[in-house]
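Trainee:
Chains as they are written, first to last, in the numbering used here: chain A, 1 to 113; chain B, 114 to 228.
Spelled out as structure tokens, the structure:
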């Protein structure tokens with residue numbers, strides 16, 4: 001089945017220790033998104049890639065970076081995780097038009113000790 | 114600026130009851146898209162429905178139905194004869210018409226269906 005895969009599902013890191021979350025897709029979609037979702041809150045868009053074009057949200061902290069080496073893979077790097085970065089991180093993909101629904105992965109739950 | 118409001122934070126009903134989840138949106142765009150997503154305890158958001166701003170037809174899919182009214186800027190979601198498996202957080206979302214889809218989510222409604 002075509003899908004969005006996120007690894008790992010659970011990630012524990014230490015305060016200040018860099019961490020990378022990965023997302024892959026078999027849908028061949030142009031657009032890939034990273035969302036942060038804190039407990040009992042709505043997902044918050046961090047950035048998205050439209051093919052290789054990177055689009056950062058204005059309020060995304062510099063601590064968050066992303067890479068998309070090819071169509072299938074996208075990575076979220078958190079350079080110096082703080083306690084406030086503990087959250088569920090959701091990856092999503094879509095075809096390029098605004099009316100197309102997004103397909104979400106299962107998420108990676110990040111714990112910062 | 115676009116905004117989505119889901120005033121009901123939590124709803125709890127007994128199985129087989131009908132339940133309606135409210136969604137009110139704000140946008141200055143004349144063309145826009147509205148979505149409902151379901152987030153079960155497993156965490157993955159699942160797409161349920163899309164509506165564009167020019168299509169005010171209501172839709173029914175099995176036990177699910179959606180009522181879109183531009184006059185009140187609302188896009189409400191009704192589950193008929195609810196089941197325990199319907200328990201989840203439901204998000205209403207709005208996207209602008211141009212370019213890659215950037216979803217503005219409401220705060221979500223946590224729906225609990227009790228046996």
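In this text, a Cβ means the ideal position worked out from N, Cα and C, and glycines have one as well. Treat the numbers as computed from the prediction; the structure is a model and nothing was measured.
1. So, with DSSP's three-state summary, where would you put residue 44(A)?
2. Say whether chain A places a C-beta atom closer than 8 Å to the C-beta of residue 176(B).
3. Checking 8 Å against the spacing of the C-beta atoms, do residue 112(A) and residue 61(A) come in under that value?
4. Taking the Cβ atom as the reference point for each residue, do residue 150(B) and residue 160(B) lie within a distance shorter than 8 Å?
5. Using 8 Å as the threshold, is the C-beta distance between residue 181(B) and residue 147(B) below it?
6. Pick out whichever of 188(B), 174(B), 205(B) has its Cα sitting closest to the Cα of residue 168(B).
7. According to DSSP, is residue 125(B) helix, strand or coil?
8. Report the neighbours of residue 89(A) on chain B: residues whose CB is nearer than 8 Å to its CB, in chain order.
9. Using 8 Å as the limit for Cβ to Cβ distance, is residue 151(B) near chain A?
10. Residue 163(B) versus chain A: which residues are under 9 Å apart at the beta carbon?
11. Residues of chain A with CB closer than 9 Å to the CB of residue 138(B), please, in chain order.
12. Across which residues does DSSP place residue 201(B) in a beta bridge pair?
Mentor: Looking at the atomic coordinates:
1. strand
2. Under the 8 Å criterion on CB atoms, residue 176(B) is classed as non-interfacial with respect to chain A.
3. In this structure, residue 112(A) sits away from residue 61(A), with a CB-CB distance that is not shorter than 8 Å.
4. yes
5. yes
6. 188(B)
7. Residue 125(B) carries a strand assignment under DSSP once its states are collapsed to helix, strand and coil.
8. Ordered by position in chain B, no residue passes the 8 Å Cβ test against residue 89(A), which lies about 10 Å from the chain.
9. By this cut-off, residue 151(B) is not an interface position.
10. Correct list: 99, 100, 101.
11. What residue 138(B) touches in chain A: nothing, since even the nearest Cβ is about 13 Å away.
12. 224(B)
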